[in-house]
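Under the working numbering, think of the first position of the sequence shown as 137, with each following residue one higher.
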Amino acid sequence: MYGALELYSRSVSPKLFGNECSFEESAYVVVGAPFDSTATGVPGQRFAPQRIREVSVELETFLPDLQIDVERLAVNDAGDLPVLTSVEALIDILGGVAREVLSSGKGLIMLGGDHFSSFPVLVEAAGNVDELGVLVFDAHLDLRDEYPVKCRYSHATVFRRLIEQTKNVYIAYYKPRGWSSEEYEFMRQSPRKLAVLNTREEVESWVKEHRTVYVSIDIDALDPAYAPGTGTPEPIGLAPRELVDSLRAAVLGSEKLLGIDVVEVNPLVDVNNLTSRVAAKILLEALAAMYEARKIGACTRTSKHFLNG
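Encoded structure:
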């Protein structure tokens, strides 16, 4: 590892799913972004990367249908960035790390953080391709111009800023349910750039059209019964199985998957780590689909754990 990743990331224990694959052998790199400075609900999302890792090693990771153990996949957990307290630091540091990972030909798995953590990653992802499709699982659209008043950089404005800063990004939301009139009007005026999807089949069609895809998962897409630990819970949400089925459709149907993030998990308001657990399980299912789609393979040379195993 060189450059921004080596400079800013710090090793963590445990690693996601206990995976010990080296950076050089990996197809995807995990980076934690402990950032919650733009959260407008209850802050605490900065604690999520470590908590998600802690519960991930409590999950069973062997997949009998595919005959693979997720902890053996070619995923390198590069650790966490320092706690970032300003938007400027987030864009500079996380943006630099994302640029380095993506330019090396690897994909990125980002553990947020509030949803603005996705912004620098998506800007860098868009800079690597001719066209980028961003599939968003979120209760909200995050398309406000300002939120709160006079604040242009927050977790509620992330995709508005992304649309403004890039010309080659197309965004689709899966079953959003928390709309403002401002966001509705903005979407109505941008039919080519913004879409709403309501079925797995629509997801399959959309990712095939856009080919190179990044998936952003705000945990509040789930009903609060499944994911109570988030700063802005929205009732009447998705069940985990529906989210995972549509996520699998995106992974299997896309030509290239540049990355995935999970954001807005807040351990400080969670119940028995339910939200962190479902976030980890979603990532496990995503990795399984990536393996099935041949977007990732097994790591051939890793730690002593694998050499003995």
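Built from N, CA and C at the ideal position, the CB exists for glycine as well.
- For ILE307, the uninterrupted beta strand (DSSP E) segment begins and ends at 305–310.
- ASN334 sits exposed, since fewer than 16 C-beta atoms from the chains shown fall within 10 Å of its C-beta.
- LEU277 is positioned such that its CB atom lies closer than 8 angstroms to that of PHE295.
- Comparing alpha carbon positions, the residue from ASP250, VAL193, THR221, ARG189 closest to VAL401 is ASP250.
- With contacts defined as CB atoms closer than 8 angstroms, ASP359 and TYR309 fail to qualify as a contacting pair.
- The beta-bridge partner set that DSSP reports for ASP397 consists of MET246, SER352.
- If the five residues before and after VAL223 are omitted, its C-beta is found closer than 8 angstroms to the C-beta atoms of SER173, THR174, PHE252, TYR289, all from its own chain and listed in chain order.
- Rounded to the nearest whole angstrom, the C-alpha separation of ALA385 and LEU420 is 15 angstroms.
- Around the beta carbon of GLN181, 16 or more other beta carbons sit within 10 angstroms, so the residue counts as buried.
- In terms of Cβ geometry, ALA425 and VAL398 do not form a close pair [threshold 8 angstroms].
- Counting only the Cα atoms, ASP213 lies some 7 angstroms from GLU156.
- With a cut-off of 8 angstroms on Cβ pairs, the region 337–350 is in contact with the region 257–274, counting three or more such pairs.
- Using a Cβ distance threshold of 8 angstroms, LEU217 and VAL233 count as a contacting pair.
- Each of GLU260, TYR306, ASP406, VAL237 was checked against the Cα of ILE188, and the nearest Cα belongs to ASP406.
- According to the DSSP assignment, PHE295 belongs to the alpha helix (DSSP H) that extends over 294–301.
- Between VAL285 and SER316, the alpha-carbon positions lie close to 14 angstroms from each other.
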